[in-house]
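> full-length UniProt numbering numbers the first residue of the sequence shown as 1 and each following residue consecutively. Beta carbons: idealized from backbone N, C-alpha and C, even for Gly.
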Amino acid sequence: SPSSKFSKKRANKDNTTVIVSKNKWTSHVLQEIKHLRRTTHFLIPKQPFARLVREIIIDIFPRQNITSIMYNEKNYRSKYESRWKILTALLQHSIKIQATALEALQEATEMYIVQFFEDSVLLTLHAKRVTLMRNDMILMRRLRGRNDIINR
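And the structure:
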């Protein structure tokens, strides 16, 4: 607005006065926040999230007999050169996750992350700051206790 203390007047090519606001970035961010609150789509892309879930499943449930399969499969040996690529290719073919299960995991993950950041921002505001810092998130983990899923 013209009466805002953050706006200034500038002349453009036609010698007409244009009011330029410094808080254009802030208003854009606020509009984006309002838009994201109204929408229900996922914020994390589906493919990277699916790869992360598969990687976590592999870490939790390692395959004991994968090395014996790896050396017996000549097709994989010809396509891929390194051992890691062979292992990755075999594991990707052996792990199947239903789309609805992946969607439920993603929904729960995004909900948890949003709530965690909301609570961390409350700590930031309590400290009379505007910027969310690492210490706020560390304190939030501690306040949530040992039974919180992120602290296990």
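Does the beta-carbon of Ser27 have 16 or more other beta-carbons within 10 angstroms, so that it is buried, or is it exposed?
Numbered from 1 along the sequence shown, position 27 holds the residue referred to as residue 27. So Ser27 ends up on the exposed side.
> Just the C-alpha distance for Glu107 and His126, rounded to the nearest angstrom, thanks.
What you label residue 107 is simply residue 107 of the sequence shown in a count that begins at 1. What you label residue 126 is simply residue 126 of the sequence shown in a count that begins at 1. The straight-line gap from Cα to Cα measures roughly 29 Å.
> Terminal residues of the continuous alpha helix (DSSP H) containing Met133?
The residue labelled residue 133 in the question sits at position 133 within the sequence shown. Here Met133 belongs to no alpha helix (DSSP H), and DSSP marks it neither H nor E.
> What is the C-beta distance between Phe116 and Met140, in whole angstroms, given that I count them as a contact (C-beta under 8 Å)?
Numbered from its first residue, the sequence shown carries residue 116 at position 116. Numbered from its first residue, the sequence shown carries residue 140 at position 140. Yes, they are in contact, since the Cβ atoms of Phe116 and Met140 sit about 7 Å apart, within 8 Å.
> Can the beta-carbon of Leu105 be found closer than 9 Å to that of Phe49?
On the sequence shown, position 105 is the one that residue 105 refers to. On the sequence shown, position 49 is the one that residue 49 refers to. In this structure, Phe49 lies closer than 9 Å to Leu105 by Cβ.
> Could you tell me how far apart the beta carbons of Glu110 and Ile44 are, in whole angstroms, since I believe they sit closer than 8 Å?
Taking the first residue of the sequence shown as position 1, residue 110 is located at position 110. Taking the first residue of the sequence shown as position 1, residue 44 is located at position 44. That belief holds up - the Cβ atoms of Glu110 and Ile44 are roughly 6 Å apart, short of 8 Å.
> Taking the alpha carbon of Thr100 as the point to measure from, which residue in Lys46, Ile56, Met137 and Leu52 has its own alpha carbon closest?
For this step, residue 100 is matched to residue 100 along the sequence shown. Considering only alpha carbons, the answer is Lys46.
> Have a look at Arg38 and Leu30 and give me their C-alpha separation to the nearest angstrom.
Within the sequence shown, residue 38 is the residue found at index 38, counting from 1. Within the sequence shown, residue 30 is the residue found at index 30, counting from 1. One C-alpha to the other measures close to 13 Å.
> Using the Cα positions of Gln98 and Asn151, report the straight-line distance between them to the nearest angstrom.
One-based indexing of the sequence shown puts residue 98 at position 98. One-based indexing of the sequence shown puts residue 151 at position 151. One C-alpha to the other measures close to 27 Å.
> Starting from Arg54 and walking both ways along the alpha helix (DSSP H), at which residues does that stretch end?
As a first step, residue 54 must be located in the sequence shown, where it is residue number 54. Lys46 to Ile60 is the extent of the alpha helix (DSSP H) around Arg54.
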